[in-house]
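Going from the sequence shown to the numbering used here is simple: count from 1 and add 55. Positions of the beta carbon are idealized from the N, C-alpha and C atoms, including for glycine. Here the structure is laid out as structure tokens; the discussion comes afterwards.
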Amino acid sequence: MRTDARQALADHASRHSGWRSIKAEARVTQWGRGGRVRGTVLMFLERPNRARFDVMTQLGPAAVLTSDGESFQLSDLREGVFLYGPTCPENLTRFLGISVDADDIVRLLTGDTPLIEAVEQHIECRDGRYVVTLVAADGATQALVFSVDEADRDQPPDAQRLTLRRSTVRAPDGAKKWEARYDEHVVIDGHSFPTEVRFIDEINGVDTSVRVKSISVDPVVPDEAFQQAPRPGMSVELAPCS
């Protein structure tokens, strides 16, 4: 049995490295305070923090979000509005409904997770899975649940490949802030990715389900894919981070 939480996290990080960008098509369903929204999303994700999301309908794109890690643009093609400003959680929330940084979006959609700054960490085996718990100085916690690949069950613990299944962050009082779940992994070009991602943001009251239909690793992505300009006739508005 593994006994070193730090090594388990390092092994996960190592296994999740080695690719630079992905192109994917996904069916996204989101439940929020305004009800349920469903749609097909085309996405480009490039490490560490560049992203593009095209929300598609039968008639073409309905909205496009781009971020090069520093600048943010959002074209609402139905309303004819173009928003621009710095990349920050407040602006990403306008489109995604969840309050995270651009680099965290890339992590969450590819089977990784942002980590809290921990002063304590430990690992235990629970129900056949490893649970790594991180504790912050203010008492906030993060629990990461890893499964062991079936092919590695008989291997020495430190040689077993780990797959992240769930990441849960709680406030110092124990209230859940957010949770990410990962299922139905596929291996593409030697890299493992979840095809079902569930992200529950308790703070914003948003529950997002992502079902990946297709994915390609390290496609050729032009730099201009992560920026956009307003289309003729659109209303242009500054979106500040506040």
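Extent of the continuous beta strand (DSSP E) run through residue i
{"i": "Asp262", "result": "261–272"}
{"i": "Pro249", "result": "246–256"}
{"i": "Glu80", "result": "76–87"}
Residue i vs residue j beta-carbon contact at 8 Å
{"i": "Asp182", "j": "Pro169", "result": "no"}
{"i": "Ser264", "j": "Thr148", "result": "no"}
{"i": "Leu164", "j": "Val252", "result": "yes"}
{"i": "Phe137", "j": "Leu120", "result": "no"}
{"i": "Met289", "j": "Gly135", "result": "yes"}
{"i": "Ala173", "j": "Leu189", "result": "yes"}
{"i": "Tyr237", "j": "Pro249", "result": "yes"}
{"i": "Thr223", "j": "Ser202", "result": "no"}
{"i": "Val186", "j": "Gln176", "result": "no"}
Residues sharing a beta bridge with residue i, DSSP
{"i": "Leu293", "result": "Tyr139"}
{"i": "Ala106", "result": "Leu100, Ser122"}
{"i": "Lys231", "result": "Arg225"}
{"i": "Ala198", "result": "Thr188, Thr223"}
{"i": "Ala63", "result": "Note: Ala63 sits in no beta bridge, so no partner."}
{"i": "Asp159", "result": "DSSP lists no partner for Asp159."}
{"i": "Gln128", "result": "Thr121, Tyr139"}
{"i": "Asp238", "result": "Glu251"}
{"i": "Gly183", "result": "None, per the DSSP bridge assignment."}
Under the three-state DSSP convention, the category residue i falls into
{"i": "Val174", "result": "coil"}
{"i": "His71", "result": "coil"}
{"i": "Thr165", "result": "coil"}
{"i": "Glu134", "result": "coil"}
{"i": "Pro212", "result": "helix"}
Euclidean distance between Cα positions of residue i and residue j
{"i": "Ala195", "j": "Glu234", "result": "14 Å"}
{"i": "Glu279", "j": "Ser122", "result": "10 Å"}
{"i": "Asp131", "j": "Arg221", "result": "33 Å"}
{"i": "Pro103", "j": "Val291", "result": "28 Å"}
{"i": "Gly73", "j": "Phe254", "result": "24 Å"}
{"i": "Gly245", "j": "Asp156", "result": "27 Å"}
{"i": "His71", "j": "Gly260", "result": "29 Å"}
{"i": "Arg162", "j": "Arg286", "result": "30 Å"}
{"i": "Val275", "j": "Gln283", "result": "18 Å"}
{"i": "Ile270", "j": "Gly152", "result": "23 Å"}
Residue span of the alpha helix (DSSP H) that contains residue i, given as start and end
{"i": "Arg286", "result": "Run containing Arg286: none; DSSP gives neither H nor E here."}
{"i": "Arg149", "result": "144–151"}
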